[in-house]
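In what follows, a structure is listed as structure tokens, so that the remarks can point back to it.
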Amino acid sequence: MASYEEVDVLIIGAGPGGAGVAYELKDTGAKIVCLEQGPWVTAPEHPHYHDEWEIEKQRGWAYDPNVRQLPEDYPVTGTTTPYMMNNVGGSTVHYAGHWPRYKPVDFRKGTEHGLEGTIDWPISYEDLAPFYDRNDEIYGISGLIGDPSYPDRKNAQRDPMVLPGKLGLKYAKASRDLGWHWWPSDNAVITRPRENREADVGMGNELSGSPTGSLSTPAHAHWPYNVRAGVDLRTMARVETITAEGGKATGAVYIDRNTGNRHEIRAKIVVLAANGIGSPRMLLASAQKGHENGLANSNGLVGKYLMHHVFAFCDSWFDEPVEGFKGSFGSPMYSHEFYHTDMDRGFVNGFGMQVARSFGPSYAAMGTHTGYTAPWGNEHRDFFSNHFANHLMVFMFGEDLPVETNAVTLDPTVTDSDGIPAAHVNYELHPNDIALAKYGIEKIFEATRAVGAVETNDTGVLYPPPAWHLMGTCRMGNNPQDSVLNKWCQTWDLPNLFVVDGSTLTTGGAVNPTSTIGALAVRAGEYIKRNYDHITTQKTTPSNADAPDM
Amino acid sequence: MNAVHTESGAPVGEAPAPWGAPEATVEPGKGGGYFETGRPRLGGLEKPVQFSEPRQAVIKALADTIIPPHPDWPDASETDIVAFCGRYITPTGYRNKHFPWADEDSFVAALDKLGQAFVDASPSDRATAVEALEKAEDPFFEQIRALVYYGYYSRPEVVLAIRRNVPAGKDYHGPPLPYGYIQSLEPWDDTTLAQANENGSYLETDQVERVDLSKLTWTK
Chain A
1 MASYEEVDVL IIGAGPGGAG VAYELKDTGA KIVCLEQGPW VTAPEHPHYH
51 DEWEIEKQRG WAYDPNVRQL PEDYPVTGTT TPYMMNNVGG STVHYAGHWP
101 RYKPVDFRKG TEHGLEGTID WPISYEDLAP FYDRNDEIYG ISGLIGDPSY
151 PDRKNAQRDP MVLPGKLGLK YAKASRDLGW HWWPSDNAVI TRPRENREAD
201 VGMGNELSGS PTGSLSTPAH AHWPYNVRAG VDLRTMARVE TITAEGGKAT
251 GAVYIDRNTG NRHEIRAKIV VLAANGIGSP RMLLASAQKG HENGLANSNG
301 LVGKYLMHHV FAFCDSWFDE PVEGFKGSFG SPMYSHEFYH TDMDRGFVNG
351 FGMQVARSFG PSYAAMGTHT GYTAPWGNEH RDFFSNHFAN HLMVFMFGED
401 LPVETNAVTL DPTVTDSDGI PAAHVNYELH PNDIALAKYG IEKIFEATRA
451 VGAVETNDTG VLYPPPAWHL MGTCRMGNNP QDSVLNKWCQ TWDLPNLFVV
501 DGSTLTTGGA VNPTSTIGAL AVRAGEYIKR NYDHITTQKT TPSNADAPDM
Chain B
551 MNAVHTESGA PVGEAPAPWG APEATVEPGK GGGYFETGRP RLGGLEKPVQ
601 FSEPRQAVIK ALADTIIPPH PDWPDASETD IVAFCGRYIT PTGYRNKHFP
651 WADEDSFVAA LDKLGQAFVD ASPSDRATAV EALEKAEDPF FEQIRALVYY
701 GYYSRPEVVL AIRRNVPAGK DYHGPPLPYG YIQSLEPWDD TTLAQANENG
751 SYLETDQVER VDLSKLTWTK
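Residue numbers (my numbering), protein chains in the order written: chain A, 1 to 550; chain B, 551 to 770.
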């Protein structure tokens with residue numbers, strides 16, 4: 001390679017991790033480059049204005065890159081359905097925008113039970129709380145302050161709640177009648193307009209993104225501001241190797257997918273934010289002299305302790321309108337009645353019940369969320385008329401244990417279009433996960449039957465799980481033996497290499513992870529800003545006790 | 551069998567799908583042959599696969615068998631279903647990589663197998679023929695069912711019929727945007743919200759203690 005360019009901070013990946021760190025650093029004068037292997041997804045590429053919006057969900061907007069097969073995607077092999085997107089904004093460009101936080105207990109699961117690979121986080125809820133608030137403000141979150149199942153968050157900014165509709169009101173009544181906890185959800189959906197973004201109009205289908213910007217993603221909330229401030233965001237730039245020398249990361253070699261040319265960037269700090277599958281893949285694919293097992297992997301933990309949450313979909317039908325096609329897909333409400341460990345149930349951890357919206361008539365005909373396909377032939381018309389929009393779907397999703405053998409590795413034979421090894425996933429459910437999920441399915445139907453469900457259907461415990469959540473594969477921990485990162489997201493092996501994304505999460509909680517990933521990104525960005533000189537002169541990664549504080 | 555080539559000379563299974571997106575500059579098939587082509591075009595093919603009249607008749611007969619005619623609803627055979635199939639199957643010579651994974655050659659062969667006899671058959675005999683495809687787990691069955699369901703329920707005239715005929719669908723207006731449903735969604739009411747904080751609690755960080763693991767009921 002003839003030449004290279006030098007920057008201060010190199011960020012790999014333009015999703016919530018990378019965007020969040022860039023946002024904190026954008027006004028420091030530091031020279032920042034972000035490499036993103038995919039493109040911007042523009043408004044006209046969204047299916048929301050098309051008659052065919054439902055079939056498009058199975059095609060270019062399929063959640064699984066193995067199904068979608070866009071040029072920016074890379075294969076993920078193994079028994080897995082990884083749900084991710086590779087573009088500016090990352091996988092948030094097709095997320096529902098459910099925005100719960102972890103609870104204090106989620107940071108102390110090592111103390112609570114320590115099963116399998118469970119350890120305590122090196123930080124507490126209280127450490128992260130101010131960054132949750134700050135991150136919420138950047139994204140734009142709607143909801144209601146005051147949930148008694150969380151510590152107070154009186155400083156968090158909220159747009160007014162999304163409207164519940166018949167569907168939200170129904171499950172709220174069910175929970176209330178049973179004496180269960182319930183609360184209107186926080187959603188990454190704005191209900192008041194912001195610069196370059198329209199307020200939600202109750203559209204639905206956020207799982208195919210939002211062309212109006214009503215869904216809060218880094219593509220709308222971060223990158224326009226990052227770029228305006230001078231952050232150099234390079235799309236179609238696929239990193240091939242992260243380079244290292246003398247115990248430090250030195251930068252990366254990337255392929256410009258527009259030209260096929262390779263370029264080298266050297267940086268004083270490298271932030272890897274390629275998601276819970278992409279980041280371990282990148283570290284393992286960057287094996288080089290002195291790092292034969294991959295970067296940051298001297299203890300062999302890169303890629304291990306993969307968590308997805310344990311899932312079941314529970315459909316209920318009523319003999320009256322539920323109108324699930326209306327309203328933002330972000331959940332109208334949730335119940336955390338069964339969130340905490342109760343050993344009388346025979347398992348540790350817990351689950352959330354999250355009320356979801358539905359889609360349109362094709363979704364009803366094709367079997368909603370549970371494969372309950374409408375019969376063809378003479379029974380079709382009656383079935384359709386009795387089921388469409390009389391439907392309520394509740395996600396059972398629970399905390400899965402971090403298990404060492406649940407892991408991301410490199411596929412020895414399959415590669416992406418640039419010859420970089422594909423990721424391979426091994427993930428099996430733990431008996432605790434299964435026990436928890438079965439209990440959860442029962443409880444959900446207890447609620448929907450109490451408010452008049454006339455028919456129910458569920459998927460059972462899903463395997464492989466719908467892997468929206470890619471977590472734990474480069475986890476933060478307490479020492480170089482139990483984790484890949486210290487409490488500031490620095491890799492134990494290379495002090496100037498940070499990992500900030502779902503892989504950073506030590507445990508998964510029983511909540512959607514993006515608000516926590518975002519909060520960690522704000523925190524890591526702020527830390528780099530305040531300690532830039534210290535970090536760039538560190539020869540080894542400091543212990544949690546010795547690291548300079550904020 | 552000789553290798554089939556597209557007009558541009560590329561062998562079958564190597565050419566990018568003709569979805570109208572710009573091709574990646576990476577050579578097709580290079581580096582493992584994965585994911586090198588463009589985003590599928592919204593709405594399917596710009597130039598749909600064309601079917602002969604006898605084949606169009608089979609598609610229409612299939613549509614009316616899968617979703618039988620009803621006086622309150624548009625007939626499935628009269629809702630552009632032929633064009634919808636033509637837009638969402640993969641033309642001969644291109645990689646068949648997107649839902650519903652129906653390639654033209656197999657699709658047409660399945661239509662021809664049913665043929666005029668299917669078109670001329672009584673509704674119950676047609677149903678028997680489709681049932682045979684379903685029982686045999688013929689991939690064509692799932693493809694045509696998906697195309698008919700997705701195609702039929704995407705048509706504006708069917709959306710109007712849903713509004714007329716299905717009480718729960720009286721406000722359904724097809725594509726989510728530009729209108730959304732903000733005008734017809736019920737808000738939270740004050741009484742309900744006032745009851746929301748009746749239940750729920752959390753553990754403080756320093757309250758977290760070891761649980762009694764002897765009570766686990768699962769075994770590994």
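Ideal Cβ positions, reconstructed from N, Cα and C, are used throughout, including at glycine.
The distance from the Cβ of A249 of chain A to that of V239 of chain A is about 12 Å, inconsistent with a contact at the 8 Å cut-off. With a beta-carbon spacing of about 16 Å, D200 of chain A and P725 of chain B fall beyond the 8 Å limit used to define contacts. Residues of chain A whose Cβ lies closer than 8 Å to the Cβ of Y699 of chain B are, in chain order, S362, A365, M366 and A374. If you draw a 10 Å sphere on the C-beta of V461 of chain A, you find 16 or more other C-beta atoms in it, and that means buried.
Using a Cβ-Cβ cut-off of 8 Å, W40 of chain A does not count as an interface residue toward chain B, since no Cβ of chain B sits closer than that to its own. What N390 of chain A touches in chain B, judged by beta-carbon distance under 7 Å, is A718, going in chain order. Residue pairing from DSSP places Q354 of chain A in a beta bridge opposite A:Y334 and A:F395. The Cβ neighbour count for Q481 of chain A, taken over all protein chains shown within 10 Å, is under 16; the residue is labelled exposed. At a cut-off of 8 Å between beta carbons, R192 of chain A makes no contact with chain B.
Residue state for C314 of chain A is assigned as strand, using DSSP reduced to three classes. In the three-state reduction of the DSSP assignment, N187 of chain A falls in the strand class. For T642 of chain B, the closest Cβ of chain A is not nearer than 8 Å. Leaving aside the five residues that flank D120 of chain A on each side, the residues in its chain whose CB is nearer than 6 Å to its CB run, in chain order, R108, G110 and T111. Bounds of any alpha helix (DSSP H) do not take in T541 of chain A, whose DSSP letter is neither H nor E. D675 of chain B sits in a helix when the DSSP states are folded into three classes.
Chain order gives the chain A residues near R705 of chain B as D51, where near means a beta carbon separation below 9 Å. The C-alpha of G168 of chain A lies about 17 Å from the C-alpha of G360 of chain A. Taking a C-beta distance under 8 Å as the contact criterion, P321 of chain A and A389 of chain A qualify as a contact pair. In this structure F329 of chain A is in contact with A96 of chain A, their Cβ atoms being roughly 5 Å apart against a cut-off of 8 Å. For the segment 241-264 of chain A, residues whose beta-carbon sits nearer than 8 Å to a beta-carbon of chain B comprise R257, N258, T259 and G260.
In terms of Cβ geometry, A296 of chain A and V484 of chain A form a close pair [threshold 8 Å].
With contacts defined by Cβ atoms closer than 8 Å, K529 of chain A and L25 of chain A form a contacting pair. In terms of Cα proximity to V302 of chain A, the closest of A:S279, A:F311, A:L233 and A:S91 is A:S279. Under the three-pair Cβ rule at 8 Å, the segment 704-720 of chain B counts as touching the segment 51-66 of chain A.
Taking 9 Å as the Cβ-Cβ cut-off, the segment 724-735 of chain B approaches chain A at G724, P725, P726, L727, P728, Y729, G730, Y731, I732, Q733, S734 and L735, given in chain order.
Boundaries of the beta strand (DSSP E) harbouring H263 of chain A: R262 to L272, taken from the DSSP string.
Non-local beta-carbon contacts of Y729 of chain B in its own chain, meaning distances under 7 Å to residues more than five positions away in sequence, involve H723 in chain order. For the segment 197-214 of chain A, the set of positions with a beta-carbon nearer than 8 Å to some beta-carbon of chain B reads D200, V201, G202, M203, G204, N205, P211 and T212 in chain order. The straight-line gap separating the alpha-carbon atoms of H181 of chain A and G508 of chain A is approximately 21 Å.
At a cut-off of 8 Å between beta-carbon atoms, I517 of chain A makes no contact with chain B.
For the 8 Å CB-CB criterion, G15 of chain A and T92 of chain A form a contact. At least one CB of chain A lies nearer than 8 Å to the CB of Q745 of chain B. The DSSP assignment places 421-426 and 455-458 as complete runs of the beta strand (DSSP E) inside the segment 417-486 of chain A, in order along the chain (cut-off: 3 residues).
When the beta-carbon positions are compared, G398 of chain A and D342 of chain A stay at least 8 Å from each other. Chain A has a Cβ within less than 8 Å of the Cβ of E754 of chain B. In the structure shown, K663 of chain B falls within a helical segment according to DSSP collapsed to helix, strand and coil.
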